[in-house]
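In order, the protein sequences belong to chains R and E.
With positions in the first sequence counted from 1, the corresponding number in this note's numbering is that position plus 1.
With positions in the second sequence counted from 1, the corresponding number in this note's numbering is that position plus 1.
There are 2 protein chains.
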Amino acid sequence: MELGRFITENGTSLSREPGQHVFRQGDQNASLYFVRTGLLKAYYLSADGKENIKSFILPGDHIGSLMANHAGKSCSFSLVCLKQCELVALPFRTLYQSVRTDPDISGAIVDLLLSFAMKKEVREYELLCLSAEDRYRRLIESTPEILKLVTQNEIARYLGVTPVGLSRIKKRVMA
Amino acid sequence: MELGRFITENGTSLSREPGQHVFRQGDQNASLYFVRTGLLKAYYLSADGKENIKSFILPGDHIGSLMANHAGKSCSFSLVCLKQCELVALPFRTLYQSVRTDPDISGAIVDLLLSFAMKKEVREYELLCLSAEDRYRRLIESTPEILKLVTQNEIARYLGVTPVGLSRIKKRVMA
DNA sequence: TCGTGGAATTAACCCAAGTCAAAACCCATG
DNA sequence: CATGGGTTTTGACTTGGGTTAATTCCACGA
């Protein structure tokens, strides 16, 4: 069976309003979410209340807390809707079980995990090797759409600088 | 079949001296490597000659360039031995094909990818949310062994600071 | 025991970004 | 069209870490 169908057949749809959370840091949550429409952000909240944005999630993307799914731990980040969202939730268990029974699904899962791992690897590279300014430059090049969708405040928290910092970077870059 | 056996049966052993590369940034390389013994480092080299260390690889770990394996791109980083190493190389293709034929292997691969993805997620968190000093603290807590195995220079490049920077952090931390 | 070369530390100086606080801007709404 | 809330920009000041270069440490071989 092909993955798209598997998801619709085994998952449960849900919709969320802007501002609503799908799960929060510390929750137990054992599902993978597929985004049909909308926009979400995954973020960390530090002990002193600072927000750091892990990623933005767009239609066609999927997200879930690996930690919470796999190791029986709790979610290390929160997932919140920035716009009205239509999602499909799939218990991780369901997916995991069919790895051993359905070769098509297991192929699809491997691809899913591979593309996920590659994304993380790129992000790791950017955070390790590039300056905030370079990361900003790359963002404008690779996904300019995102700039329209979220506040500059959020872009900053995604790039790993403060809003004030990003404002200064912008000025520098355009000059 | 169980993964360990699968690897020994389908892979080819190789050994490398300290200083020898397994592959270099820019290479085409379509294998996954399993480390039997030794120590390696995966690193990025920037245009202006600066080194940034992606990770250290210890016995029992596995590594390969996802980019080069999957998307037909070339390796985004280099892999070099820090000590004499015994490795097993497994063509990615072999692994990928048996996902569809052998449920045990495909389960093992999914686990492999999951643990890989989780590691990357932790690293992403550290680079995004923690200061260099916090990262250093965490390193001493979580894997103090590594401090004995590599130079402080390399620890610094792994943490994302210069050797000079790390020296200052150390002084601050011990006080 | 004395060099010698690589690793680590220290010092002096600089710059990017953080912090805090005060404008300025930008709308939506009444 | 004025008001008020949120977002962005600016300014003044501080700080962590980069850079370069000098110095100290140490292990090791002659």
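Cβ atoms here follow ideal geometry from the backbone N, Cα and C, with glycine treated the same way.
Rounded C-alpha distance that separates residue i from residue j
i: residue 165 of chain R; j: residue 100 of chain R; result: 47 Å
i: residue 170 of chain E; j: residue 127 of chain R; result: 23 Å
i: residue 21 of chain R; j: residue 69 of chain R; result: 20 Å
i: residue 73 of chain E; j: residue 67 of chain R; result: 27 Å
i: residue 135 of chain R; j: residue 7 of chain E; result: 43 Å
i: residue 130 of chain R; j: residue 110 of chain R; result: 30 Å
i: residue 71 of chain R; j: residue 115 of chain R; result: 16 Å
i: residue 143 of chain R; j: residue 124 of chain R; result: 13 Å
i: residue 3 of chain R; j: residue 63 of chain R; result: 16 Å
i: residue 104 of chain E; j: residue 34 of chain R; result: 25 Å
i: residue 94 of chain R; j: residue 11 of chain R; result: 11 Å
i: residue 159 of chain R; j: residue 119 of chain E; result: 19 Å
i: residue 138 of chain E; j: residue 145 of chain E; result: 10 Å
i: residue 106 of chain R; j: residue 108 of chain E; result: 12 Å
i: residue 13 of chain R; j: residue 90 of chain R; result: 5 Å
i: residue 153 of chain R; j: residue 41 of chain R; result: 15 Å
i: residue 53 of chain R; j: residue 9 of chain E; result: 43 Å
i: residue 65 of chain E; j: residue 167 of chain E; result: 28 Å
i: residue 172 of chain R; j: residue 49 of chain R; result: 29 Å
i: residue 5 of chain E; j: residue 117 of chain R; result: 25 Å
i: residue 176 of chain R; j: residue 102 of chain E; result: 57 Å
Neighbouring residues, chain E, relative to residue i (Cβ below 9 Å)
i: residue 161 of chain R; result: 128, 129, 130
Where residue i meets chain E, residues with beta-carbon distance less than 7 Å
i: residue 71 of chain R; result: 115, 119
i: residue 108 of chain R; result: 100, 101
i: residue 67 of chain R; result: 115, 118, 119, 122
Closest residue to residue i among the options (Cα-Cα distance)
i: residue 60 of chain E; options: E:86, E:149, E:74, E:70; result: E:86
i: residue 151 of chain R; options: R:50, R:81, R:125; result: R:81
i: residue 15 of chain R; options: R:3, R:4, R:36; result: R:36
i: residue 97 of chain E; options: E:84, E:113, E:83, E:88; result: E:113
i: residue 47 of chain E; options: E:25, E:156, E:13; result: E:25
i: residue 155 of chain R; options: R:27, R:51, R:76, R:172; result: R:51
i: residue 28 of chain E; options: E:147, E:117, E:138, E:76; result: E:76
i: residue 57 of chain R; options: R:167, R:176, R:121, R:168; result: R:121
Contact set between residue i and chain R, taken where Cβ atoms lie within less than 8 Å
i: residue 166 of chain E; result: Here the premise fails: no neighbours, minimum Cβ distance about 14 Å.
i: residue 125 of chain E; result: 55, 121, 124, 125, 128
i: residue 104 of chain E; result: 100, 101, 102, 104, 107
i: residue 111 of chain E; result: 97, 100, 107, 110, 111, 114
Close Cβ partners of residue i (< 7 Å) along its chain, the five nearest in sequence each way excluded
i: residue 92 of chain R; result: 31, 32
i: residue 55 of chain R; result: 43, 44, 45, 78
i: residue 19 of chain R; result: 82, 83, 84, 85
Cβ neighbours of residue i in the same chain (closer than 8 Å, five flanking residues each side left out)
i: residue 17 of chain E; result: 23, 39, 82, 85, 86, 88
i: residue 162 of chain R; result: 133, 170
i: residue 148 of chain R; result: 140, 141, 156
Proximal chain R residues relative to residue i, where beta-carbon distance stays under 7 Å
i: residue 47 of chain E; result: 130
i: residue 16 of chain E; result: The premise fails here: residue 16 of chain E is roughly 27 Å from chain R at the closest Cβ pair, so nothing lies under 7 Å.
Beta-carbon proximity list for residue i, same chain, < 6 Å, skipping 5 on both sides
i: residue 174 of chain R; result: none
Contacts of residue i in chain E (Cβ-Cβ under 8 Å)
i: residue 77 of chain R; result: 122, 126
i: residue 81 of chain R; result: Those do not exist, as residue 81 of chain R stays about 17 Å from chain E at its closest Cβ, beyond 8 Å.
Chain-ordered neighbours of residue i on chain R, where CB pairs are closer than 9 Å
i: residue 151 of chain E; result: Going along chain R, no residue has its Cβ under 9 Å from residue 151 of chain E, so there is no contact; the nearest lies around 16 Å.
**Report entry** Contained beta strand (DSSP E) runs [length at least 3] in the segment 83-135 of chain E, N- to C-terminal order
**Finding:** 86-92
Requested in this report: Give, in chain order, every unbroken run of the beta strand (DSSP E) that is at least 3 residues long and sits entirely within the segment 39-76 of chain R.
Outcome: 41-46, 52-58
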